[in-house]
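Inspection log for the structure reproduced underneath, given as structure tokens.
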Amino acid sequence: MISVVDTNILLDIFLPDPLHGKSSINLLEKAYQQGSLVICDIVYCELAPQFDEKNLLDESLEKMGINILPADTDTLYLAGHLWLKYRKQQKSRERIIPDFIIAAFAMNQGDRLITRDRGFYKDFFKGLRLN
């Protein structure tokens, strides 16, 4: 089982978030026991501002058993078209393309997405397995 980890779960742990930190750790531990943990390059980019040095981010992810994979062109193409569909359906622009890249990455290159933002992903990405 390949579990794609969303940025919000990792920020809960790295910052740490007093409300969600413990549950995010528990989710990752359970997912790690069931297979592998991965993030896409967009999540890595979103985490980078929280670390003064690149090697600290890399070491933190390595210690957690999280691998970094690039989004492939099929994933990026899907993300762009899902975003376009979203823009046509929504009057406001609450979501940005990185959200769609992360979801498309989980759909194409993983088995499920571990996120706290289940409402948005559940409503818009039918068939995306969430945890």
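Under the working numbering, read the sequence shown as residues 23 to 153, first letter to last. Ideal placement from N, C-alpha and C gives every residue a C-beta, glycine not left out. None of these values were measured; they are calculated from a predicted model.
By DSSP's criteria, residue i is part of a beta bridge. Which residues make up the other side?
i	result
Ser58	Ile24
Leu98	Its beta-bridge partners do not exist; DSSP assigns none.
Ile136	Val27
Asp152	The amino acid occupying residue 152 in the given sequence is Leu; Asp does not appear at that position. For Leu152, which the question treats as bridged, DSSP gives the partners Leu135.
At the level of alpha carbons, what is the spacing between residue i and residue j?
i	j	result
Leu49	Thr29	13 Å
Asp74	Val60	22 Å
Ile47	Lys110	36 Å
Ile11	Ser58	The requested residue 11 does not occur in the structure, where the chain is confined to residues 23 to 153.
Pro120	Leu98	10 Å
Leu33	Leu69	7 Å
Leu106	Arg115	11 Å
Under the assumption that residue i contacts residue j (Cβ atoms under 8 Å), give the Cβ distance between them as a whole number of angstroms.
i	j	result
Phe147	Arg117	The pair is not a contact, with the Cβ atoms about 11 Å apart (cut-off 8 Å).
Leu152	Arg140	5 Å
Ile136	Ser25	5 Å
At what residue ranges does the stretch 28-91 contain a whole run of the alpha helix (DSSP H), taking only runs of 4 or more?
29-36, 43-56, 63-69, 76-85
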